[in-house]
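Top to bottom, those sequences are chains A and B. Start counting the first sequence at 271; every next residue gets the next number (my numbering). Start counting the second sequence at 271; every next residue gets the next number (my numbering). Heads up: the structure comes next, in structure tokens.
Number of protein chains: 2
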Amino acid sequence: MSAAFFGALSDPTRLAILVRLAGFARPATVSEISCCYPIDMSVISRHLAALKAAGILESEKRGKQVYYSVRYDTFTEALRSVADAVENCCPDDRCC
Amino acid sequence: MSAAFFGALSDPTRLAILVRLAGFARPATVSEISCCYPIDMSVISRHLAALKAAGILESEKRGKQVYYSVRYDTFTEALRSVADAVENCCPDDRCC
DNA sequence: TCTATACTTGCATAATGACGCAAATGAACA
DNA sequence: TGTTCATTTGCGTCATTATGCAAGTATAGA
């Protein structure tokens with residue numbers, strides 16, 4: 271349950287990239303992704319790196335291009351495990 | 271699927287507060303929560319307000335004190351709906 | 001080897017956010 | 001009404017982060 275995981279999702283641009291990439295349903299290159307936003311490609315590249323560092327995306331280099339794709343299994347598993355953790359949290363009345 | 275929702279969870283202190291509050295399994299006052307952290311109570315109060323604004327907590331004022339509690343249903347539902355959305359995202363190959 | 005393409009990294013700047021302190025609000029109670 | 005306690009809000013400061021531009025790296029192809 272890491273704050274870094276949620277931090278990766280806390281930026282509107284990164285979230286939009288993730289949704290778009292999920293919609294692609296196939297790996298996409300940085301250029302393909304960045305052409306959809308009025309933002310410099312270097313910025314998109316950094317966002318993709320951040321999502322990858324959080325374990326949400328994975329990348330594969332083929333020739334000159336880098337293909338990013340969603341790690342559906344780990345991503346959805348992470349979200350559901352947080353939901354489960356909060357739901358099944360063992361009561362603890364003590365403070366400090 | 272809002273970035274603000276994840277933004278509320280992207281801070282380690284806020285996440286710790288949420289976990290603690292979930293562990294309490296009952297509403298807790300700002301003082302009760304803040305006594306667990308070496309942080310000024312005003313900061314905790316702001317964190318609680320942020321979590322509430324994100325729909326993760328709710329508050330009730332009783333006398334001089336404000337009781338915060340987790341909105342388990344909406345919180346876990348939000349996480350699971352994001353997981354579902356990414357998982358069942360309709361493919362869309364077009365760019366821009 | 002030279003050039004073009006795809007992407008990443010360095011650096012500066014601007015915006016955002018966390019924090020502490022002090023003051024303000026609001027409720028209970030003498 | 002005045003005091004005290006619980007919480008919130010205003011404000012200044014420091015750290016982090018998003019962004020753009022320019023330069024760097026790496027790969028493909030002429």
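Glycine included, every Cβ here is placed at the ideal spot set by N, Cα and C.
| Item | Value |
| --- | --- |
| For A:Phe345 and B:Phe276, believed in contact at Cβ under 8 Å, the rounded distance | The pair is not a contact, with the Cβ atoms about 12 Å apart (cut-off 8 Å). |
| Below-9 Å beta-carbon distance, A:Leu321 vs any chain B residue | no |
| CB contact below 9 Å: B:Asp354 versus chain A | yes |
| Beta carbon proximity, B:Ala338 to chain A, threshold 9 Å | Per the sequence shown, the amino acid found at residue 338 of chain B is Tyr instead of Ala. False, the Cβ-Cβ gap to chain A never drops below 9 Å. |
| Anticipated Cβ contact below 8 Å, A:Arg350 with A:Leu327, distance rounded | That pair is no contact at about 18 Å. |
| The alpha helix (DSSP H) enclosing A:Lys322, as first and last residue numbers | Met311 to Ala323 |
| Beta strand (DSSP E) segment containing B:Arg391, residue limits | Absent from the model: residue 391 of chain B. The displayed extent of chain B is 271 to 366, so no value can be given. |
| Burial state of B:Val313, where buried means 16 or more other Cβ atoms lie within 10 Å | exposed |
| Terminal residues of the beta strand (DSSP E) in which A:Tyr307 lies | Element bounds for A:Tyr307: n/a, residue is neither H nor E. |
| Cross-chain neighbours of A:Leu349 in chain B, by beta carbon under 8 Å | Leu349, Arg350, Val352 and Ala353 |
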